[in-house]
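Residue numbers (this note's numbering), protein chains in the order written: chain A, 1384 to 1689; chain B, 14 to 313. Comments concern the structure below.
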Amino acid sequence: MTEVDTSADFRSYYGKPVLKEPVWKVPDVPAYLYMGGLAGSSSTMALLAELTGRPTLARNGRITAAVGATASVVALVHDLGRPTRFLNMLRVFKPTSPLSVGSWILAPFSALAGAAAASDVTGYLPTLGRLSAGVAGVIAPAMTTYTAVLLSDTAVPAWHEMHRELPFVFAGSAVASAGGMGMITTPVAQAGPARRMAVAGSALELAATERIHRREGIVGEVYEKGRAGKVLRMAKALTVAGAATALLAGRSRTIAVASGLCLTVAGVATRYGVFAAGRVSARDPRYTIVPQRERKSAEERLGAMD
Amino acid sequence: MTDNRLSGPLADPAGDAGYPADHPERVGFFTDTSVCIGCKACEVACKQWNLLPEDGVELTGMSYDNTGALGASTWRHVAFIEQHVENGSAAATAPESVDLGMPGMGPSGGDGSVRWLMSSDVCKHCTHAACLDVCPTGALFRTEYGTVVVQDDVCNGCGYCVPACPYGVIDIRPGDGGAFKCTMCYDRQGAGLAPACATACPTESIQYGPLEELRERAAARVDELHAQGVTEARLYGHEPDDGVGGDGAFFLLLDEPEVYGLPPDPVVTTRDLPSMWRCAAAAAATGAALVAGCFLGRKK
Ligand code: SF4
Ligand code: SF4
């Protein structure tokens, strides 16, 4: 293992960034990331609740999925500026573009989740509603992690370097958020799986985040320093608090709601923190130049040996 | 589908993009910064020909560079690097460091002098272009000349290409909302003309032509400079087996790339896309399995 000396000087063009910072807006894009994950896991939860005879949890899960997916589309459209621009995304299907693939996951998912929730609330077309919920539940897992690929498939060092870890952070966070929302919306008697989801999802998220912090090289720094680091530490504390209270939430609805709120804020903070870390890593030429220089020098040394 | 669809050497990007075999040969830019005098004729010619709006007039304090960086309305950017060199060093004695009559820096008669590095930067028209790969609308496309161009009527301003470019080239134009970058004067190429910047460059620092020919010419120029004792001369972006499959616009530099604001070892972001989707699928399955596990056991 080669230690990266973070204090070592590096050369750059007047300290100017090598990369362009993402132009995506805050809070639109972090909200889009959060809502998509929440909607995906809620939809899976609703499907399983339906199958195991927990009608209230199923209905609330469907409503959360519909609201989350719609909000996710609204946030994306707001970032783009015009609704036609979202439709423009669907003009082609491009496998090399995670945004194209993601739009093709998001569009049918939000339509189906919306239909399922509408049918459930109004009582109209129950068979079609159940069918929609079923198909949405199958697409749902993709909703929880495609946004991680969206971020990683950029030159932004903090996102690209973490392309193995980010999907697990997002998946864990999505499960925990959906569990949290299930605890908030559903009476204690039916919310057992939601409480377990809160704990299991948090554990996955914490484990994956830990791997990011343990990664060698200087890029991991941006997840610890400054505003991004502060927000991510808050996210971690809230996740731990949410998971711990979820263990007791079977006793009282008040505890359940408190735990759910912790996990909701934690989920938003995680997305915001990851987003902010990426921006810092793009803005500071150090995170582009130093790792690339290390890699190149290592290759040159190898080349000189043979 | 070849193995090199996402990264690696690719002999014919236009052919790979589906143009018939009789498409024109791949063209490119060879920017020889050792003869650049920093006159910025390329910047001006580009603005004029492409009718680019101004993007802010301010003094940056970065030597003679008040443009700053490539952007949506700056498709050629001349970097100015003022370096202090010790008397007697290779750079100071290099035969091509002629007195340009530029104002000197610092007290005269000191030990050492100033070396000016100037380089006209541009979109690299990568063999594997991340901007093109990630664009969800197909607004960015590969031309028959093997270059990369944005169609602004198709672009929806999603901004995905911006952080995807490993060179920080393409950007969204504020107010307009769409993404813009160098087209290598696609309209002039169609009429058999060289791009405006190359035409305007008085020192032939910017050379335009078939890429293969430019690569040969560049190799000869490096040898020539090395023979003259300019050992720091090196090519950048010419290797077809580098991280982006080689650049359609490559450079002769007199120092490390990062000194000019260029990344030392750029890699097309989509090279890792298969592994990204694999990890995302594994994570999605893990999440779904966790949820399912939570429904097992006691009905409570
Ligand atoms: S340099 Fe950037 S903008 Fe130009 S073709 Fe390569 S990836 Fe695209
Ligand atoms: S901003 Fe325009 S060119 Fe860039 S990825 Fe989006 S649609 Fe394509």
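Note that beta-carbon positions come from the ideal geometry of N, C-alpha and C, so glycine has one too.
With a Cβ-Cβ cutoff of 7 Å, do residue i and residue j count as a contact?
{"i": "residue 1507 of chain A", "j": "residue 1455 of chain A", "result": "no"}
{"i": "residue 235 of chain B", "j": "residue 248 of chain B", "result": "yes"}
{"i": "residue 1563 of chain A", "j": "residue 1614 of chain A", "result": "no"}
{"i": "residue 198 of chain B", "j": "residue 209 of chain B", "result": "yes"}
{"i": "residue 26 of chain B", "j": "residue 155 of chain B", "result": "yes"}
{"i": "residue 1652 of chain A", "j": "residue 1617 of chain A", "result": "yes"}
{"i": "residue 136 of chain B", "j": "residue 194 of chain B", "result": "yes"}
{"i": "residue 1664 of chain A", "j": "residue 1571 of chain A", "result": "no"}
{"i": "residue 1639 of chain A", "j": "residue 1582 of chain A", "result": "no"}
{"i": "residue 1548 of chain A", "j": "residue 1602 of chain A", "result": "no"}
{"i": "residue 296 of chain B", "j": "residue 1554 of chain A", "result": "yes"}
{"i": "residue 189 of chain B", "j": "residue 1479 of chain A", "result": "no"}
{"i": "residue 267 of chain B", "j": "residue 130 of chain B", "result": "yes"}
{"i": "residue 1531 of chain A", "j": "residue 1515 of chain A", "result": "no"}
{"i": "residue 292 of chain B", "j": "residue 1550 of chain A", "result": "yes"}
{"i": "residue 1610 of chain A", "j": "residue 1561 of chain A", "result": "no"}
Hey, is residue i's beta-carbon within less than 7 Å of any beta-carbon in chain A?
{"i": "residue 91 of chain B", "result": "no"}
{"i": "residue 258 of chain B", "result": "no"}
{"i": "residue 283 of chain B", "result": "yes"}
{"i": "residue 219 of chain B", "result": "no"}
{"i": "residue 271 of chain B", "result": "yes"}
{"i": "residue 299 of chain B", "result": "yes"}
{"i": "residue 254 of chain B", "result": "no"}
{"i": "residue 65 of chain B", "result": "no"}
{"i": "residue 134 of chain B", "result": "no"}
{"i": "residue 69 of chain B", "result": "no"}
{"i": "residue 308 of chain B", "result": "yes"}
{"i": "residue 22 of chain B", "result": "no"}
{"i": "residue 106 of chain B", "result": "The predicted model places residue 106 of chain B with a pLDDT of 48, which falls under 50 and marks its position as unreliable; any figure quoted below should be read in that light. Chain A contact via Cβ: absent."}
{"i": "residue 26 of chain B", "result": "no"}
{"i": "residue 197 of chain B", "result": "no"}
{"i": "residue 181 of chain B", "result": "yes"}
{"i": "residue 75 of chain B", "result": "yes"}
{"i": "residue 261 of chain B", "result": "no"}
{"i": "residue 276 of chain B", "result": "yes"}
Looking only at DSSP bridge pairs, what is residue i linked to?
{"i": "residue 1393 of chain A", "result": "In DSSP, residue 1393 of chain A forms no bridge with anything."}
{"i": "residue 87 of chain B", "result": "B:84"}
{"i": "residue 95 of chain B", "result": "B:129"}
{"i": "residue 223 of chain B", "result": "B:40"}
{"i": "residue 247 of chain B", "result": "B:266"}
{"i": "residue 162 of chain B", "result": "B:154"}
{"i": "residue 185 of chain B", "result": "B:192"}
{"i": "residue 75 of chain B", "result": "B:78"}
{"i": "residue 135 of chain B", "result": "B:89"}
{"i": "residue 45 of chain B", "result": "B:265"}
At a Cβ threshold of 7 Å, is residue i touching chain B?
{"i": "residue 1417 of chain A", "result": "no"}
{"i": "residue 1528 of chain A", "result": "yes"}
{"i": "residue 1475 of chain A", "result": "yes"}
{"i": "residue 1601 of chain A", "result": "no"}
{"i": "residue 1492 of chain A", "result": "no"}
{"i": "residue 1652 of chain A", "result": "no"}
{"i": "residue 1439 of chain A", "result": "no"}
{"i": "residue 1547 of chain A", "result": "yes"}
{"i": "residue 1479 of chain A", "result": "yes"}
Using a Cβ cut-off of 7 Å, pull out every chain A residue sitting near residue i, in sequence order please.
{"i": "residue 304 of chain B", "result": "1424, 1427, 1428, 1431, 1558 and 1580"}
{"i": "residue 211 of chain B", "result": "Result: empty, since nearest Cβ-Cβ is about 23 Å, beyond 7 Å."}
Starting from the beta carbon of residue i, find every residue of chain B whose beta carbon is closer than 7 Å, and list them in chain order.
{"i": "residue 1471 of chain A", "result": "150 and 169"}
{"i": "residue 1406 of chain A", "result": "172, 175 and 185"}
{"i": "residue 1584 of chain A", "result": "303"}
For residue i, return the contacting residues in chain B, with the cut-off set at a CB-CB distance below 9 Å.
{"i": "residue 1531 of chain A", "result": "289, 292, 293 and 296"}
{"i": "residue 1536 of chain A", "result": "143, 146, 147, 173, 177, 282, 283, 285, 286 and 289"}
{"i": "residue 1555 of chain A", "result": "296, 299, 300 and 303"}
List the residues of chain B that residue i touches, going by C-beta distances under 8 Å, in chain order.
{"i": "residue 1622 of chain A", "result": "Residues of chain B passing the Cβ test: none, with the nearest at roughly 15 Å."}
{"i": "residue 1539 of chain A", "result": "176"}
Output, in chain order, the set of chain A residues within a Cβ distance shorter than 8 Å of residue i.
{"i": "residue 190 of chain B", "result": "1464"}
Who are the neighbours of residue i on chain A, taking C-beta pairs under 9 Å?
{"i": "residue 82 of chain B", "result": "1396, 1399, 1400 and 1403"}
{"i": "residue 45 of chain B", "result": "Per Cβ cutoff of 9 Å: no residues; residue 45 of chain B is ~19 Å from chain A at best."}
*Which of the residues in the stretch 1664-1688 of chain A, read from start to end, lie with their CB under 7 Å from any CB of chain B?*
Those would be 1665, 1671, 1672, 1675, 1676, 1678 and 1679, in chain order.
*Closer than 7 Å, Cβ to any Cβ of chain A: which residues of the stretch 146-169 of chain B, in chain order?*
Correct list: 146, 147, 148, 149, 150, 151 and 169.
*Compile a chain-ordered list of the residues in the stretch 1457-1469 of chain A whose CB is closer than 7 Å to at least one CB of chain B.*
1463, 1464 and 1468
*asked:* Tell me which residues pass a beta-carbon proximity test against ligand 4: closer than 7 Å to any heavy atom, given in chain order.
replied: Ligands in the displayed structure: ligand 1 and ligand 2; ligand 4 is not one of them.
_To be precise: take each residue of the stretch 1499-1524 of chain A, compare its Cβ to all Cβ atoms of chain B, and keep it if any distance is under 8 Å. Which residues remain?_
1523 and 1524
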